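J.:
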Amino acid sequence: MELRRDPITQSWVIQQTAEASWATSGVCPLCPGNEFLCPPNLYVYPYGGPSWQVRVIPHRNPIYQIEGDPARRAEGIYDKMRNIGAHEVVIENPDHRLPLAQFSDDQATQALRAYATRITDLKKDLRFRCVTLFQNVGPEAGQDLEHPHSEITATPFIPRRLAYELRAGQGHYRNKERCLFCDIVKQELDQQVRAVAWNDLFVAFCPFASRVPYETWIMPIYHHASFEEDVTSAGKQQQLGRLLKSTLRRLSTVATAYHLVLHTSPNVKARPSRPDAWQTLAEDYHWHFEILPIILGKTRSYSFKEVYFNAPPPPEVAAKDLRDAEPPLP
Ligand SMILES: [Zn+2]
Ligand SMILES: [Zn+2]
Ligand SMILES: [Zn+2]
Numbered sequence: 635m636e637l638r639r640d641p642i643t644q645s646w647v648i649q650q651t652a653e654a655s656w657a658t659s660g661v662c663p664l665c666p667g668n669e670f671l672c673p674p675n676l677y678v679y680p681y682g683g684p685s686w687q688v689r690v691i692p693h694r695n696p697i698y699q700i701e702g703d704p705a706r707r708a709e710g711i712y713d714k715m716r717n718i719g720a721h722e723v724v725i726e727n728p729d730h731r732l733p734l735a736q737f738s739d740d741q742a743t744q745a746l747r748a749y750a751t752r753i754t755d756l757k758k759d760l761r762f763r764c765v766t767l768f769q770n771v772g773p774e775a776g777q778d779l780e781h782p783h784s785e786i787t788a789t790p791f792i793p794r795r796l797a798y799e800l801r802a803g804q805g806h807y808r809n810k811e812r813c814l815f816c817d818i819v820k821q822e823l824d825q826q827v828r829a830v831a832w833n834d835l836f837v838a839f840c841p842f843a844s845r846v847p848y849e850t851w852i853m854p855i856y857h858h859a860s861f862e863e864d865v866t867s868a869g870k871q872q873q874l875g876r877l878l879k880s881t882l883r884r885l886s887t888v889a890t891a892y893h894l895v896l897h898t899s900p901n902v903k904a905r906p907s908r909p910d911a912w913q914t915l916a917e918d919y920h921w922h923f924e925i926l927p928i929i930l931g932k933t934r935s936y937s938f939k940e941v942y943f944n945a946p947p948p949p950e951v952a953a954k955d956l957r958d959a960e961p962p963l964p
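If you read the sequence shown in our numbering, its first letter stands for residue 635, the second for the next number, and so on.
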């Protein structure tokens, strides 16, 4: 596998030569008792006990390889590099049938703690410019292992969507000396049209220009650029966990599958990069989760790739549906 840069859009594209799935032959490698089928733990909670609640392992067939140097090079006018990076699997719970939406407060807290710990650790590697956490839940989302889990990838480049956000945040800050995302949060809380739910610290809302029906973002109401530096106390982890769980339960009333992605500030210590590139990053970027539900029969939202085409309902109606959807108790 290698990474190639699209010379037009400037975004890096993974060129996959073999299927990077984790073939399982009927046995779940993520269930307790089958640890021998997995690479050794990178993180385990509780540490040193007879059984685990959360563990993180390298992906057995990773998209990215941890060893070596990106070896960025040219081929004529084109740019390519090796698929250096990290690809980890977070097993948030030993229970094969328990989705995140149904976790207890303590289980959700421990999952968020594992995310923050692993992202912090990966950012110590100066080869990696960006660390992302995502979930593909449900067969329509391409979930490969049935056991509920998240994946973390660290890459030597900044993915296109995040690059757009960073540029937009920086531009807004340059013009107004305010965080674009804080402005969005304030307007959504003031208007309460697209807001779905909130607590003292976090808000869930359907974004103004939703790309798919029932797209929902979760953001801190206060300003912070970096998830892993911010969500470190049990109090914040619990509040975020509660809103994340209830949002997923609301979404489960309209969709059975979803993509979830965490956008957090890139690795400012990674080299090489322009020295002034991240000058205002701590002020102009704002971490958040994006949840993109998959609603069967509305796949036109996804197939029309050139311009996002959001099928009905519009975000104003979607938010109302989700507000009205009593999240079933865990
Ligand atoms: Zn399992
Ligand atoms: Zn902000
Ligand atoms: Zn984002």
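Beta carbons are placed, not taken as given, at the ideal position from N, Cα and C, and that holds for glycine. Note that the coordinates shown come from a computational prediction; the quantities given were computed from them, not determined experimentally.
1) Classify Q699: buried if its beta carbon has 16 or more other beta carbons within 10 angstroms, exposed otherwise.
2) Could you tell me if the beta carbon of R795 falls within a distance shorter than 8 Å of some heavy atom in ligand 3?
3) Taking only runs that begin and end inside the stretch 698 to 754, name each unbroken beta strand (DSSP E) of 3 or more residues, in chain order.
4) Taking the alpha-carbon of V846 as reference, which of P949, C665, A797 has the nearest alpha-carbon?
5) Let me check one thing: in DSSP terms, what residues is C764 bridge-paired to?
6) Compute the minimum distance between the beta carbon of F861 and the heavy atoms of ligand 2, and state whether it is under 8 Å.
7) So A953 is in the beta strand (DSSP E); what residue range does that whole segment cover?
8) Around the Cβ of E722, are there at least 16 other Cβ atoms within 10 angstroms (buried) or fewer (exposed)?
9) In whole angstroms, what separates the C-alpha of D640 from that of Q649?
10) Taking the CB atoms as reference points, tell me whether V819 and V837 lie closer together than 9 Å.
11) Identify, in the order they occur along the chain, each residue of the same chain with its Cβ nearer than 8 Å to the Cβ of L664, setting aside the five sequence neighbours on each side.
12) In this structure, does DSSP put R801 in helix, strand or coil?
13) To the nearest angstrom, report how far apart A953 and C840 are at their CA atoms.
14) Any idea which residues DSSP pairs A923 with across the strands?
15) Put P680 into one of helix, strand or coil per three-state DSSP.
16) Report yes or no: do the stretch 860 to 880 and the stretch 731 to 742 share at least 3 C-beta pairs separated by less than 8 Å?
17) Is it buried or exposed for S867, if we count other Cβ within 10 angstroms and need 16 for buried?
18) Starting from I648, follow the beta strand (DSSP E) in both directions and report where the run begins and ends.
19) Would you call the stretch 784 to 791 and the stretch 689 to 703 in contact, with 3 or more CB pairs under 8 Å?
20) Roughly how many angstroms separate the alpha carbons of D759 and L800, rounded to a whole number?
21) Cutting at 7 Å between CB atoms, please list the residues of its own chain near F842, excluding the five before and the five after it.
22) Taking the straight line between their C-alpha atoms, what separation do you get for P704 and E636?
23) Give the range of the beta strand (DSSP E) segment to which F861 is assigned.
24) Mind checking which residues open and close the beta strand (DSSP E) that includes I818?
25) Would the stretch 741 to 756 and the stretch 855 to 871 be scored as touching if the rule is three or more Cβ pairs under 8 Å?
T.: Let's see:
1) Within the sequence shown, numbered from 1, the residue matching residue 699 stands at position 65. It counts as exposed.
2) As a first step, residue 795 is located in the sequence shown; it is residue number 161 there, counting from the start. Because some heavy atom of ligand 3 lies under 8 Å away, the Cβ of R795 counts as near it: yes.
3) With a minimum length of 3 residues, the continuous beta strand (DSSP E) runs that stay inside the stretch 698 to 754 are 707 to 709, 712 to 716, 720 to 725.
4) Within the sequence shown, the letter at position 212 stands for residue 846. Answer by Cα proximity: P949.
5) Locating residue 764 in the sequence shown gives position 130, where the first residue counts as 1. Bridge pairing for C764: T789 [DSSP].
6) Residue mapping note: residue 861 aligns to position 227 of the sequence shown, counting from 1. F861: no, Cβ never under 8 Å from ligand 2.
7) Along the sequence shown, one-based indexing puts residue 953 at 319. Where A953 is concerned, there is no enclosing beta strand (DSSP E), although the alpha helix (DSSP H) it sits in stretches over 949 to 958.
8) Start at 1 with the first residue of the sequence shown, and residue 722 comes out as number 88. Classification for E722: buried.
9) Here residue 640 is taken as the residue at index 6 of the sequence shown, counted from 1. Here residue 649 is taken as the residue at index 15 of the sequence shown, counted from 1. C-alpha separation (whole angstroms): 11 Å.
10) Position 185 of the sequence shown holds residue 819. Position 203 of the sequence shown holds residue 837. Yes, the Cβ-Cβ distance between V819 and V837 is below 9 Å.
11) By one-based count along the sequence shown, residue 664 stands at place 30. Residues C672, V723, I725, H730, L779, H781, H783 of the same chain have their beta carbon placed closer than 8 Å to that of L664, with the five preceding and five following residues left out of the count.
12) The residue labelled residue 801 in the question sits at position 167 within the sequence shown. In the structure shown, R801 sits in a helix (DSSP, three-state: H, G or I).
13) Within the sequence shown, numbered from 1, the residue matching residue 953 stands at position 319. Within the sequence shown, numbered from 1, the residue matching residue 840 stands at position 206. Looking at the two C-alpha atoms, the distance is approximately 6 Å.
14) Locating residue 923 in the sequence shown gives position 289, counting from the first residue. Looking at the sequence provided, one finds Phe at residue 923 rather than Ala. DSSP, once it has assigned bridges, lists I852, L896 as partnering F923.
15) Position 46 of the sequence shown, counted from the first residue, corresponds to residue 680. Looking at P680 - three-state DSSP - the assignment turns out to be coil, as it is neither helix nor strand.
16) Because the criterion of three Cβ pairs below 8 Å is met, the stretch 860 to 880 and the stretch 731 to 742 touch.
17) Residue numbering aside, residue 867 sits at position 233 when the sequence shown is read from its first letter. If you draw a 10 Å sphere on the C-beta of S867, you find fewer than 16 other C-beta atoms in it, and that means exposed.
18) For this step, residue 648 is matched to residue 14 along the sequence shown. Start and end: 646 to 649.
19) Segments in contact, yes.
20) What you label residue 759 is simply residue 125 of the sequence shown in a count that begins at 1. What you label residue 800 is simply residue 166 of the sequence shown in a count that begins at 1. Straight-line Cα distance between these residues: approximately 21 Å.
21) The count along the sequence shown starts at 1 and reaches residue 842 at position 208. Closer than 7 Å at Cβ, skipping near neighbours: R828, P949.
22) Translated into positions along the sequence shown, residue 704 becomes position 70. Translated into positions along the sequence shown, residue 636 becomes position 2. Distance from the CA atom of P704 to the CA atom of E636, rounded to whole angstroms, is 10 Å.
23) For this step, residue 861 is matched to residue 227 along the sequence shown. Going by DSSP, F861 is part of no beta strand (DSSP E) but of the alpha helix (DSSP H) stretching over 861 to 864.
24) Reading the sequence shown from its first residue, position 184 is the one you call residue 818. Per DSSP, I818 belongs to no beta strand (DSSP E); it is in the alpha helix (DSSP H), 814 to 825.
25) With a cut-off of 8 Å on Cβ pairs, the stretch 741 to 756 is in contact with the stretch 855 to 871, counting three or more such pairs.
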